[in-house]
Every structure is written in structure tokens, then in C-alpha cells.
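*Asks:* Just passing along the structure, written as C-alpha cells.
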Amino acid sequence: MTEQTSNTVKTYLARLDAALAGVDPDVRFEIVSGIREELAGLDDDAAAARIAEMDDPALIAAEARAEMPPAPAPPVAEAAPGRTFSIAAVLVLIIGTFVVPIIGPLVGLVWVSMAKAWTRREKIVAWVRPFAAGLIVLAISFVASLFGQNQPTQTNQPTLAFAFVAQWHFVFIVMFIVLPIEGIVLLVRANKRGWRAPSQP
Amino acid sequence: MVADVGTQLRKGVVEYCVLGLLSRQAMYGWELSEQLVSSGLIASIGTLYPMLARLRSQGLVTAYDEASASGPVRKYYRLTALGEAQLESFRLQWAPFAATVDQLVGKDSGS
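So the sequence lines, in the order shown, correspond to chains A and B. When the letters of the first sequence are read in order and numbered with my numbering, they come out as residues 545 to 745. When the letters of the second sequence are read in order and numbered with my numbering, they come out as residues 268 to 378.
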């Protein structure tokens, strides 16, 4: 049986289908098919008369939507546990280095160790790196001073005393550079992964 | 609580009314819709199909295509055995439930 679908029917079904956008695809198909069945085989005039008795596509779509189960609520972005504490720890590490030298970064490192935003390995590295940097600088200064001692000078004693003080100052300056940079690295890394330490084996 | 009482009541029973209609005979979507709209149980065919989809997914109703001599091939809906059992369970509970509600709500005594 070959059936010609009238333009009136085509238009109504197209409007209905468009109005049903967003409705469950199976239900959308069923509604359009059900109404198509009802209008099948009618000529333009008969179809127009039948459609006039039908509800507006927008109303049908609204009713269909009202019947659909509510869409599952988007997962609420759960705040990482201890996020505030982790941020505070890293800020104390960065700012504390300048505001309260020695104690500031020490507290910052202790807090970083207690925070949940970093892995155990990152925490160990956070402790070791500034000390390692200080030791390296101290070793380089010491070696340099040894070379200096071998140079015959008449004012050797004052130079040695100055070199000793300069070495320790240099170590502190390095600490002032290393600790804030370390804090910034920890901050950026934690921020990238939402202030959660990746799962550790 | 302020929500339209009629709407709430219809929502509670309309699926069982569909099961009741289909227990008498298999029906196609439009036919079902006409009956339910004229009874004031649904507003339009848009309400019916999501309901039919739910009933089918619960295994209470099944669908099949049937060609009619005069009209097009239509999708008919009929009850499954599970649907029959569900309807029977509803029937058993409905009468005492309605009687209880009637007794509790009672009639306005006017005093």
C-alpha cells in the first residue's frame, strides 16, 4: 500500500518533532509515530480537520517533558578534603619565608607534610630540597674558600672571616629563593589536580 | 500540599487505569489517549507515551504492530502476565483504600 503523506501532515509532524527536541529519543519517536499513524492516509483537507482537533505540538511536548523522570543532578563538585588547609600551608611556606624567616618556612613545611594535597614523595622532596640546596651552596663556597686560602695574601685572616660570614649569608639567600620557588611549584601542582594528591600505590 | 489535588490523584492511579483499559483489549496509542483524555485522566497524548514507555520497561505492557484492513499498520499495546498480576493487586487494594480514605475524609458535616 503506497501512501502519500499530505503537506499538512508533514508540516504538523515536523513541528511536533521539533517541539519534542530534548525528550527521550524513544518516547519522541513513539509520539511522532503514534500521531503519524492517526493521520496516515488522510488527504489535505481531512488531515487539516483532524489536526485542528489535536493539541498543539508545544503542549504535547510540554506534557511529555513533564512525564519524563527528572534528569540526574550534575555531580556536585566535592571540595577536596583539607583544601583550605593545603592552600594555607603552601602560602605560609611562600610568604612565611620572607615574613618570619626560618620559623615561617618551617611551619609551612610541617603543614605541607600534614596536608592532603601532595604525595608522600612530594612532601619528602619538599623537606630535602632546601637543605640540599643549602648544603650544595655551602660545599661550593667551602671549596672556593679552600682555593682562596692557597693564594698567598698578607691579609689572610680578615678575608677568611669575611668569607665564613659570606658563606652563611649566601646559604640564607639561597633559602630565600629556594623555599618560595618550592612553595610556588607545590601550589601550581596541587592546583592543577584540584588539591588532591594522586592515589599512591 | 497546596498542589492541585486532582493532579496528584490522577498521577497516582493513571497507570493502573491504562492497565485496566488494556486488560479489556489491546489498544493503539491514539485510541488509549482519546479514552484517557476524555476521562480527564491525562491532558494530551504527550503524557501517554512516556507512561507507556515506563510500563513497557517494567514489563507490564508489551507492544506489537498490526496492520488493519482499512487503516495503516498501528502499534498496539497489551498487558503482559506481570501487568495482569499488577492490576489484580491494585484492584484488591483499591476498594479498601478508597473506603478508608472516604471514611477518614468523610463528608463536610457543616458543624
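Where a beta carbon is used, it is the ideal one built from N, C-alpha and C, also for glycine.
Could you tell me if B:Q275 is buried or exposed, where buried requires 16 or more neighbouring beta carbons within 10 angstroms of its beta carbon?
*Replies:* Burial call: exposed.
*Asks:* Could you spell out the range, first to last residue, of the beta strand (DSSP E) harbouring B:K342?
*Replies:* Counting along the chain, the beta strand (DSSP E) containing B:K342 begins and ends at 340–346.
*Asks:* So B:T329 is in the beta strand (DSSP E); what residue range does that whole segment cover?
*Replies:* It spans 328–334 - the beta strand (DSSP E) in which B:T329 sits, taken as one unbroken run.
*Asks:* Quick check: the Cα distance between A:R594 and B:R277, rounded to an integer number of angstroms?
*Replies:* Distance between the alpha carbons of A:R594 and B:R277: 27 Å.
*Asks:* Which residues share a DSSP beta bridge with B:M294?
*Replies:* In the DSSP output, where bridge partners are listed per residue, B:M294 has B:Y344.
*Asks:* How many angstroms separate the CA atom of B:R345 from the CA atom of B:A320?
*Replies:* B:R345 and B:A320: Cα-Cα distance of roughly 13 Å.
*Asks:* Between A:P674 and A:V722, which are expected to be in contact by the criterion C-beta below 8 Å, what is the C-beta distance as a whole number of angstroms?
*Replies:* Right, their Cβ atoms sit about 5 Å apart.
*Asks:* Ends of the alpha helix (DSSP H) at A:V654?
*Replies:* 647–658 is the extent of the alpha helix (DSSP H) around A:V654.
*Asks:* Give a yes or no on whether the C-beta atoms belonging to B:C284 and B:L308 are separated by under 8 Å.
*Replies:* Yes, these two residues count as a Cβ contact at 8 Å.
*Asks:* Under three-state DSSP, which class holds B:S306?
*Replies:* Of the three classes helix, strand and coil, the one that applies to B:S306 here is coil, per DSSP.
*Asks:* When you check each C-beta in the stretch 323–347 of chain B against every C-beta of chain A, which residues fall closer than 8 Å?
*Replies:* So the close ones are G338, P339, V340, R341, K342.
*Asks:* Closer than 8 Å by C-beta to A:N551: which residues in its own chain qualify, once you throw out the five before and the five after it? Chain order, please.
*Replies:* Taken in chain order, the residues that qualify are D588.
*Asks:* Pick out whichever of A:V651, A:I680, A:V656 has its Cα sitting closest to the Cα of A:R740.
*Replies:* Answer by Cα proximity: A:V656.
*Asks:* Say whether chain A places a C-beta atom closer than 8 Å to the C-beta of B:S311.
*Replies:* Chain A contact via Cβ: present.
*Asks:* Which class does A:D568 belong to by DSSP, given the choice of helix, strand or coil?
*Replies:* If DSSP states are grouped into helix, strand and coil, A:D568 belongs with coil.
*Asks:* By the 8 Å beta-carbon criterion, what residues does the stretch 724–740 of chain A contribute toward chain B?
*Replies:* Cβ contacts with chain B: none found.
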